Every structure is written in structure tokens, then in C-alpha cells.
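*Asks:*
There are 2 protein chains.
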Amino acid sequence: MLADLADAVGCCSPLAREPLSAGQAVELARLFKAMGDPVRLRLLSLIASHEGGEACVCDLTDVFDLTGPTISHHLKVLREAGLISGERRGTWVYYRVQPEALRRLSAVLVPDDALTVPA
Amino acid sequence: MLADLADAVGCCSPLAREPLSAGQAVELARLFKAMGDPVRLRLLSLIASHEGGEACVCDLTDVFDLTGPTISHHLKVLREAGLISGERRGTWVYYRVQPEALRRLSAVLVPDDALTVPA
DNA sequence: TCTCTATCTTGACAGCCATCAATCCAAGGG
DNA sequence: CCCTTGGATTGATGGCTGTCAAGATAGAGA
Numbered sequence: 001m002l003a004d005l006a007d008a009v010g011c012c013s014p015l016a017r018e019p020l021s022a023g024q025a026v027e028l029a030r031l032f033k034a035m036g037d038p039v040r041l042r043l044l045s046l047i048a049s050h051e052g053g054e055a056c057v058c059d060l061t062d063v064f065d066l067t068g069p070t071i072s073h074h075l076k077v078l079r080e081a082g083l084i085s086g087e088r089r090g091t092w093v094y095y096r097v098q099p100e101a102l103r104r105l106s107a108v109l110v111p112d113d114a115l116t117v118p119a
Numbered sequence: 120m121l122a123d124l125a126d127a128v129g130c131c132s133p134l135a136r137e138p139l140s141a142g143q144a145v146e147l148a149r150l151f152k153a154m155g156d157p158v159r160l161r162l163l164s165l166i167a168s169h170e171g172g173e174a175c176v177c178d179l180t181d182v183f184d185l186t187g188p189t190i191s192h193h194l195k196v197l198r199e200a201g202l203i204s205g206e207r208r209g210t211w212v213y214y215r216v217q218p219e220a221l222r223r224l225s226a227v228l229v230p231d232d233a234l235t236v237p238a
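Line by line, the protein sequences are chains A and B.
The first sequence begins at 1 in this note's numbering and counts up by one.
The second sequence begins at 120 in this note's numbering and counts up by one.
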């Protein structure tokens, strides 16, 4: 399932190049929808900008006025979208972002040229 | 309102640079959420890839098995998010994408370096 | 002005989503 | 082996969203 997703996203031309197929649109929308929540966007940026590129849940819960289960739910959504990955080391679970997923999304938004050629 | 949005988005560093503020996250999430629907993503790509960079509603409705009002609703969501703009010329309404909005989103996803420095 | 066509808006309903309380699982420390 | 702690899962609920039918609006042409 994750492989299909990566495939559909990885093969997409920028939006302006040619129309998306229905299947590509479904897979891409899954990613964008996962980022369409303020809490999840902040979680993503907290993890991405944290020292070492990874953060444990204990670092994340204090930032929000939300209960543990709610944070866990949002992390699960991000994880199932392939935007982050979690790993248990001892007592705590550590999360880190998947840079490839972000790069693929970015590549869909703008022409390839803008990603490889200087201004 | 649109000015606030553009401001909040335009000033954002990439996710990995520093954590998003709550306000920035709300504004960014509004954009990502607007793209979190397969129909809207396809509409966006149809408009962006259409000849001349613009498309009228009549070009869009035939592609989907959806009624006119539903297409109109999705176009309204995209318009209110600042991703497209519509203009009435005679009988038909023509839509075109706002490339700046896409560029800003892309800039949030990856470090600035990737946008200006060759691989 | 009247009518026709193309498009947008409103109202309503089914389905999904974010949130929390309660519960369960997994890892360490006694 | 039990107890404690960190974290995930389940169940339930209120609010939001996508969809369509019906009505409203705006140009174009006669």
C-alpha cells in the first residue's frame, strides 16, 4: 500500500505539466489532507526542526492543550500517510520525518526546473 | 483576509528550519486542506495544464461524474483558499491558478536551498 | 424588455473527522 | 512477579464536508 502510494506520487509531473489521473489525485489528496490540520502541521514542524531530526512524544504533548490520545491520533494519521516514521527505543517512541515524501509533494507543486536550476 | 493569509504563508520558513507558530499553522493548513480532495486536485491540474493557463467551467464539468453545483462548490473552496482566481468574460467564467500560492507551499515543504541551488 | 443559456447559491442530508474519556499494551524497576 | 509509567487503541459524540435538487443570478440575443 505504501509502495503504491510512493509510486503514484513519485511518478507525478507538476500540476501544470499535464492533468492528474484519477488515481494519482486520490493518492496525492491523501497526503495533502494529512497536512490539512494545524495540529498535524505543527507536529511535523516540531519533529523536523527538533535536534537530531527526531523527537519523542514527550517532547510534543506539552506544546498543545490536547490530551495524549489526540496527539497519538494525529501522529498515527501522519504515519499512515508516510510523512513520518516512529521507532520505539526503550521507554520512549521517537518520530522522524520522511524527507522524500515532502520532496515529492513539493515537486508536484512547482515545475521540476525550479527544483534543480538556480534562479 | 487574503492579505493576512499571504503574509502568514509568505513569511514561513521551511518546516525543518523552525517550528511553526499556531497562527502560521492555521493559515497553512487552510491551503493544504483545500488541496486534500481528489476532485479539487484534478481541477487544479486541469486548469494549470489547460491551454493558455486558464479554463472555463464548461471545460471542467465534462471530466467528472458530478453535477454542476458540486464542481462550483469545489472551485469556490479553491478560490477562497487563494489557489485560483475566477473572472467572468461574457457568458463563461474563466479560472486560472495563482502560481505564487503553489510556490509558497512548495517553499514550506523543502529547504530554500533545494529551490535555488542545482543538484 | 423578454427569453434562453450558463453559472452560482441555498437548503438539506449522509458520511467523515477531530476530540476526549476510558481502557489496554509494552517496557523497566522494584 | 507486580507495579508504575509512557503510549496506543477503542467507543462515543459534536461538528464539519461533499453531494445533489431546486431556486436565483447574470449575460447575450431577439
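From the three backbone atoms N, C-alpha and C, an ideal C-beta is built for every residue, glycine too.
Being a predicted model, the structure only gives us computed values, none of them experimental.
#1: Anything in chain B within Cβ reach of A121/A, meaning under 8 Å, just list it in chain order.
#2: Within its chain, find whatever has a CB closer than 6 Å to the CB of V97/A; leave out the 5 residues flanking it on each side and keep chain order.
#3: Have a look at V26/A and D156/B and give me their C-alpha separation to the nearest angstrom.
#4: Would you say P69/A faces chain B, with C-beta separation under 8 Å as the test?
#5: Using a Cβ-Cβ cut-off of 8 Å (strictly less than) and excluding sequence neighbours within five positions of L102/A, which residues of its own chain qualify?
#6: Go ahead and pull the three-state DSSP assignment for D7/A.
#7: Suppose the cutoff is 7 Å on Cβ atoms and the five residues either side in sequence are ignored; what does the same chain contact list for D126/B look like?
#8: Are the Cβ atoms of G205/B and V196/B separated by less than 8 Å?
#9: Specify, as a first and last residue, the run of the alpha helix (DSSP H) that A81/A falls within.
#10: Mark H193/B as exposed unless 16 or more other C-beta atoms lie within 10 angstroms of its C-beta, in which case mark it buried.
#11: Report the rounded CA-to-CA distance for R207/B versus F32/A, giving the unit in angstroms.
#12: V158/B to G90/A, Cα distance in whole Å?
#13: Would you list, in chain order, the members of the region 47-63 of chain A that have their beta-carbon closer than 7 Å to a beta-carbon of chain B?
#14: Please classify V236/B: does DSSP put it in a helix, a strand, or coil?
#15: Run down chain A in chain order and give the residues with a C-beta less than 8 Å from the C-beta of K195/B.
#16: Short of 7 Å in beta carbon distance, which residues of its chain neighbour L179/B, apart from the five on each side in sequence? Order them along the chain.
#17: Do P111/A and P19/A have their CB atoms nearer than 8 Å?
*Replies:* Let me spell this out:
#1: Residue 121/A lies beyond the range of chain A shown here (1 to 119); nothing can be said about it.
#2: The residue given as residue 97/A occupies position 97 in the first sequence. Within the same chain, V97/A has close Cβ partners I47, A48 and I84.
#3: Taking the first sequence and counting its residues from 1, one reaches residue 26/A at position 26. Taking the second sequence and counting its residues from 1, one reaches residue 156/B at position 37. Approximately 7 Å between the Cα atoms of the pair.
#4: Your numbering for residue 69/A matches position 69 in the first sequence. No - not a single Cβ of chain B is within 8 Å of the one on P69/A.
#5: For this step, residue 102/A is matched to residue 102 along the first sequence. Result list for L102/A: L83, in chain order.
#6: Residue mapping note: residue 7/A aligns to position 7 of the first sequence, counting from 1. Reliability fails at D7/A, whose pLDDT of 44 lies under 50, so the model's placement of it is uncertain and no value is given.
#7: Position 7 of the second sequence, counted from the start, is the residue given in the question as residue 126/B. Reliability fails at D126/B, whose pLDDT of 44 lies under 50, so the model's placement of it is uncertain and the value that follows must be treated cautiously. Nothing meets the Cβ criterion.
#8: Walking along the second sequence from the start, residue 205/B turns up at place 86. Walking along the second sequence from the start, residue 196/B turns up at place 77. Cβ atoms of G205/B and V196/B: not closer than 8 Å.
#9: As a first step, residue 81/A must be located in the first sequence, where it is residue number 81. Premise fails: A81/A is in no alpha helix (DSSP H) and is neither H nor E.
#10: What you label residue 193/B is simply residue 74 of the second sequence in a count that begins at 1. When all chains shown are included, H193/B counts as buried.
#11: To locate residue 207/B, count along the second sequence from 1; it is residue 88. To locate residue 32/A, count along the first sequence from 1; it is residue 32. Approximately 30 Å, taken between the alpha carbons.
#12: Here residue 158/B corresponds to residue number 39 of the second sequence, with the count starting at 1. Here residue 90/A corresponds to residue number 90 of the first sequence, with the count starting at 1. Taking the straight line from one Cα to the other gives about 44 Å.
#13: A48 and S49
#14: Position 117 of the second sequence, counted from the start, is the residue given in the question as residue 236/B. Unreliable positioning characterises V236/B in this predicted model, as indicated by a pLDDT of 45, which lies under 50. The coordinate reading is nonetheless provided below. If DSSP states are grouped into helix, strand and coil, V236/B belongs with coil.
#15: Taking the second sequence and counting its residues from 1, one reaches residue 195/B at position 76. Residues of chain A passing the Cβ test: none, with the nearest at roughly 17 Å.
#16: Your numbering for residue 179/B matches position 60 in the second sequence. Excluding residues within five positions, the ones whose Cβ falls inside 7 Å are L162, L165 and I190.
#17: By one-based count along the first sequence, residue 111/A stands at place 111. By one-based count along the first sequence, residue 19/A stands at place 19. Cβ distance not < 8 Å, so P111/A and P19/A don't count as in contact.
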